[in-house]
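In the UniProt record's numbering, the protein residues as written are 1 to 335.
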């Protein structure tokens with residue numbers, strides 16, 4: 001079956017998904033909101049050793065319901081948890097959520113990454129900016145959005161390079177739509193040590209992250225794993241957080257399996273991954289516009305989601321511009 005990127009090569013090529021970004025360049029941080037036009041089921045899979053999440057238990061297969069109104073990815077470490085509250089307040093004011101006892105309760109899970117050591121001004125005192133950034137990102141949701149130094153990717157760093165916000169999509173000839181969005185803030189590297197080649201190079205479609213393709217010489221490995229500049233053991237200093245979406249109707253357990261399989265995309269694009277210093281988390285969403293016809297379709301979706309997420313990682317690093325002590329990939333390699 002032929003596959004190709006969607007017309008935008010963004011997660012919004014999955015019909016019914018919108019994305020909004022908001023940034024504070026003085027602080028060097030931001031928020032990204034993934035917004036389904038209709039409430040939709042979701043799941044989450046956490047593999048990193050130092051995660052920062054909220055409300056993911058509401059999506060568990062053993063919970064009463066697992067539909068969400070939005071998913072929030074935020075910088076700011078624990079301060080970034082406020083972004084979810086800002087989105088909840090804004091959605092509630094719109095009447096979006098579960099009606100219960102005369103109240104409307106939006107369901108908004110999310111995850112945070114650490115960007116507090118990137119040189120931005122973090123002098124917010126008792127008024128962190130994240131609730132306002134969450135509301136602004138929700139207000140900006142649209143089919144098109146920026147990559148690289150945008151949203152939750154603004155302050156991100158990826159090993160020795162600048163990290164960023166990435167997205168990609170895959171469409172199949174029989175109507176499957178799969179998209180991925182990721183804020184790359186990884187302890188591990190998205191490029192092979194000593195080269196300019198992305199680990200995800202064999203999966204590239206067209207020239208979506210430089211057109212270099214796989215390496216032309218054999219990589220013989222390094223005596224030690226590549227460490228980011230100034231590395232010191234800090235269990236909160238990294239995390240790659242992502243969302244994958246599809247247009248196939250999936251139940252709770254099936255969505256959980258999609259999120260689990262999608263995590264392999266991080267392993268195809270970042271080395272090492274799921275370390276004690278990362279909080280790697282992948283959410284999965286389903287807009288339910290096509291029926292699931294057999295278990296093989298779920299396996300296909302998981303495979304496509306993993307490859308699409310790997311491509312999104314490379315695109316996030318490829319589009320990121322230099323900031324603070326981290327060079328952007330294009331500046332570093334003169335591309």
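We put the CB at the ideal spot given by N, CA and C, even for glycine. In this text the structure is predicted, and so the values were computed from the model without any measurement.
When 209, 313 and 142 are compared against residue 268, the one with the closest alpha-carbon: Your numbering for residue 268 matches position 268 in the chain shown. Nearest C-alpha to residue 268: 313.
Please give the ranges of any alpha helix (DSSP H) in the stretch 28 to 113, keeping only runs that are unbroken, at least 4 residues long and fully inside the region. 82 to 94
If you run the structure through DSSP and keep just helix, strand and coil, what is residue 252? Along the chain shown, one-based indexing puts residue 252 at 252. Three-state result, residue 252: helix.
Within the continuous beta strand (DSSP E) that includes residue 23, where are the two ends? Translated into the one-based positions of the chain shown, residue 23 becomes position 23. From DSSP, the beta strand (DSSP E) with residue 23 extends over 17 to 24.
Determine, using beta-carbon pairs with one atom in the stretch 149 to 165 and one in the stretch 316 to 326, whether at least three such pairs fall under 8 Å. yes
Which of the three DSSP states is assigned to residue 197 in this structure? Reading the chain shown from its first residue, position 197 is the one you call residue 197. Coil, per DSSP.
Give the single residue among 45, 334 and 47 whose Cα lies nearest to the Cα of residue 195. Here residue 195 is taken as the residue at index 195 of the chain shown, counted from 1. For residue 195, the nearest C-alpha among the options comes from 334.
By the three-class DSSP mapping on this structure, what secondary structure does residue 313 have? Within the chain shown, residue 313 is the residue found at index 313, counting from 1. Here residue 313 sits in helix by DSSP.
Hey, out of 144, 261 and 69, whose CA is closest to residue 8's CA? The sequence position of residue 8 within the chain shown is 8, counting from 1. Nearest option by C-alpha distance: 144.
In this structure, what does DSSP give as the bridge partners for residue 179? For this step, residue 179 is matched to residue 179 along the chain shown. Its beta-bridge partners are 169 and 245.
Starting from residue 335, trace the beta strand (DSSP E) in both directions and tell me its first and last residue. Taking the chain shown and counting its residues from 1, the one referred to as residue 335 is at position 335. Premise fails: residue 335 is in no beta strand (DSSP E) and is neither H nor E.
Cα-Cα, which of 330, 332 and 319 is closest to residue 146? Within the chain shown, residue 146 is the residue found at index 146, counting from 1. Of 330, 332 and 319, the residue nearest in Cα terms is 319.
Bridge partner(s) assigned by DSSP for residue 283: Your numbering for residue 283 matches position 283 in the chain shown. DSSP output for residue 283 lists 44 and 243 as bridge partner(s).
Check for me: the alpha helix (DSSP H) holding residue 147 runs from which residue to which? Position 147 of the chain shown, counted from the start, is the residue given in the question as residue 147. That residue, residue 147, is in no alpha helix (DSSP H); it is neither H nor E in DSSP.
Going by CA-CA distance only, name the one from 207, 279 and 247 that's closest to residue 50. Your numbering for residue 50 matches position 50 in the chain shown. Selected option, being the one with the closest Cα: 279.
From residue 173 to residue 78, what does the alpha carbon distance come to, in whole angstroms? Counted from its first residue, the chain shown places residue 173 at position 173. Counted from its first residue, the chain shown places residue 78 at position 78. Approximately 43 Å, taken between the alpha carbons.
When we look at the beta-carbon of residue 179 and count the other beta-carbons within 10 Å, is it buried (16 or more) or exposed? In the chain shown, the residue the question calls residue 179 occupies position 179. Per the 10 Å Cβ criterion, buried.
Where residue 273 sits in the DSSP three-state scheme: For the purposes of this step, residue 273 is identified with residue 273 of the chain shown, where counting begins at 1. DSSP places residue 273 in coil when its eight states are reduced to three.
Can you round the beta-carbon distance between residue 152 and residue 288 to whole angstroms, since I take them to be within the 8 Å contact cut? As a working note, residue 152 is residue 152 in the chain shown. As a working note, residue 288 is residue 288 in the chain shown. That belief does not hold up - the Cβ atoms of residue 152 and residue 288 are roughly 26 Å apart, past 8 Å.
With residue 133 as the anchor, note down where its alpha helix (DSSP H) starts and where it stops. Here residue 133 refers to the residue found at position 133 when the chain shown is read from its first residue. Counting along the chain, the alpha helix (DSSP H) containing residue 133 begins and ends at 130 to 139.
Classification of residue 100 by the beta-carbon crowding that lies within 10 angstroms, buried from 16 upward: Position 100 of the chain shown, counted from the first residue, corresponds to residue 100. Per the 10 Å Cβ criterion, exposed.
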